[in-house]
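What follows is a set of notes on a single structure, which appears directly below.
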Amino acid sequence: MSIRVHVQKFGSKLSGMVIPNLGAFMAWGILTAIGVATGSEMLKGFIAPMLNYLLPLLIAFAGGRAVHGYRGGVIGTVATMGAIISSDITMFIGAMIMGPLAAWLLKKFDERIDGKIPAGFELLVNNFSIGIIGAGLALFSYVAIAPMVETVTKVLASGVDVLINNHLLPLTALIIEPAKVLFLNNAIGQGILSPLATLQLAETGKSVLYLLESNPGPGLGILLGYMFFGKGNSKASSYGASVIHLFGGIHEIYFPFVLMNPILILPLILGGMTGTFILTMTNAGLVGVASPGSIITIMMMAAPGDHIKILIAVLCAALVTFITAIPFIKRMGNKDAELQDAAKKMESLKGKKSSISSVFESPVDDFNFKNVKRIAYACDAGLGSSAMGATVLQKKIKNAGLDDIKVFHIAIHELPTECDVVVTHKSLIDRAREKQPDAYYVEITDYLGAPEYQELIDKIVADREQKN
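Residue numbering for the sequence shown follows full-length UniProt numbering, beginning at 1 and increasing consecutively.
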């Protein structure tokens, strides 16, 4: 398994703890924004308790539950309390450690005693195991985890301060923009930037770090380039993709456009640098997590007085990316052979086969499609791109008269699931196959206009007509 896949899996686990609780983050951000803007002491009273207790405990519960169900969520929450009360900083990272760790230890304990509990003592043993192990882990997190997280966080925060004070923060685009296209956005956003932004928020009342990964400007610039200078399917898809990207906040929608023409990483980096430079020079920031990275969410989370500054930064990032991407998009043309040659060149540079060269290949299979009833649309987090893709595919299936087929979205880490077909992006296919190897897979590169959607529908219709 490649390093990229490992990092994707790690980022998926982090996002799996944060994304289910985004509603709570939004509630905290709204209360914070209104409280700071109005000066209401009542609203300000929500800020610290929600930030220091509610949000870390929700993260811990989600992480524990993902490992060992509800019991795992409970013990993960108990164990995290030790880190929370031991430290003056917000324990997001501590929660991401203790939640899954505590649940894993409880899971191992339950496996060891499975079938060995005397009849009638199950409830007693189950409760005492959480109580005793949870109490011990709470003490452990108080003594060991909290100091460790504090040290690491302060070191990282000091590094960020150096970048900010020396006006070097735009250089982070060299890492962030390429990593996003490789579907590592969750690892960066949820695992690194958000915890550091929370520290900065506590000190200054806002943080520019919330915008480094969520800025939709660079991606919008790429899509605008395809809108004006693209050809064929890429041009046709870019219109709807730009709306979904900017207002829906699903950044994954522009990743395939870059994967088809990897040199577009350079305009993305330049656009990201531009946006971050303007944000730092104008001292703009957000008061909470902007996820999904929609311009609507960003405006809601913008610090008082920073709305215009942020809009200018987003537009300038889009403009720089758009202008610098034009020659690359024009040169690309609309020939399948050119794309395949470019993909093979990438493979020779990487020393391994990538998924891009097979974009235009028609898969051959002996799968029987006549009994397809459930189609799982899988993505990294199971929300943004997969929810959108599932909606598009469901509409096409309904229009084809296949009303008995259900399309649902799911996170890759939640596989395997009961389904007949799994649809996922080519960059995520290795992880999905590892989770559910026996399923029939449809690999797509364009969430909106993927020709594979219609190919799948045609195969289902053909097999059902043959049956009749």
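Where a beta carbon is used, it is the ideal one built from N, C-alpha and C, also for glycine.
Quick one, are the C-beta atoms of residue 54 and residue 291 less than 7 Å apart? no
Exposed or buried, which one is residue 466 when buried takes at least 16 other CB atoms within 10 Å? exposed
As assigned by DSSP and simplified to three states, the class of residue 418: coil
Could you please give the first and the last residue of the uninterrupted beta strand (DSSP E) stretch that includes residue 469? Residue numbering for the chain in the displayed model covers 1 to 468; residue 469 lies beyond these limits and cannot be assessed.
Would you grab the beta carbon distance between residue 104 and residue 288 for me? Rounded to a whole angstrom, and I think it's under 8 Å. That belief does not hold up - the Cβ atoms of residue 104 and residue 288 are roughly 30 Å apart, past 8 Å.
Could you say which of 248, 367 and 309 lies nearest to residue 220 if we only look at CA atoms? 248
For residue 410, three-class secondary structure by DSSP: strand
Could you compute how far the alpha carbon of residue 63 sits from the alpha carbon of residue 98? 8 Å
Does the region 39-48 come close enough to the region 291-302 to have 3 or more Cβ pairs within less than 8 Å? no
On a CA-only basis, which of 285, 437, 372 and 416 is nearest residue 203? Give me that one, please. 285
Only counting the same chain, and skipping five residues up and downstream in sequence, which positions put a Cβ closer than 6 Å to that of residue 197? 207, 209 and 210
Alpha carbon to alpha carbon, what distance is there between residue 33 and residue 70? 33 Å
Considering only DSSP beta bridges, list what residue 442 is partnered with. 423
Count Cβ pairs between the region 372-381 and the region 412-425 that sit closer than 8 Å; are there 3 or more? yes
Within a Cβ cutoff of 8 Å, which residues of the same chain sit near residue 85, ignoring the five residues on either side of it in sequence? 142
What is the DSSP secondary structure of residue 375, reduced to helix, strand or coil? strand
Check whether the Cβ atoms of residue 144 and residue 199 sit closer than 7 Å, and answer yes or no. no
Rounded to whole angstroms, what's the CA-CA distance from residue 317 to residue 330? Just pull it up for me. 20 Å
Environment of residue 367 [buried if 16+ CB atoms lie within 10 Å]: exposed
What's the call for residue 431, buried or exposed, on a 16-neighbour Cβ count within 10 Å? buried
Using only CA atoms, which one of 37, 38 and 59 lies nearest to residue 15? 59
Taking the C-alpha atoms as reference points, what is the distance between residue 308 and residue 250? 22 Å
Of the choices 42, 293, 179 and 135, whose alpha-carbon is the least far from that of residue 259? 179
Hey, would you say residue 102 sits closer than 7 Å to residue 76, going by beta carbons? yes
Taking the C-alpha atoms as reference points, what is the distance between residue 413 and residue 387? 15 Å
So, using beta-carbon positions, are residue 222 and residue 325 closer together than 7 Å? yes
Would DSSP call residue 294 helix, strand or coil? coil
Closest to residue 129 by CA distance: which of 106, 118 and 147 is it? 106
Where does residue 359 sit, in a helix, a strand or coil, going by DSSP? Per-residue confidence for residue 359 stands at a pLDDT of 35, beneath the threshold of 50, marking its modelled position as unreliable; the derived number appears in the next sentence. DSSP places residue 359 in coil when its eight states are reduced to three.
First and last residue of the uninterrupted alpha helix (DSSP H) at residue 81: 55-86
Reduced DSSP secondary structure (H/G/I, E/B, other) of residue 302: strand
Consult DSSP for residue 346 and reduce its assignment to one of helix, strand or coil. Low per-residue confidence applies at residue 346: pLDDT is 36, beneath 50, and the placement is therefore not dependable, though the value from the model is reported in the following sentence. Of the three classes helix, strand and coil, the one that applies to residue 346 here is helix, per DSSP.
Confirm, please, whether the CB-CB distance from residue 442 to residue 434 is below 7 Å. no
Do you know how far the Cα of residue 117 is from the Cα of residue 18? 35 Å
By how many angstroms is the C-alpha of residue 112 removed from the C-alpha of residue 415? 25 Å
Can you tell me whether DSSP reads residue 196 as helix, strand or coil? helix
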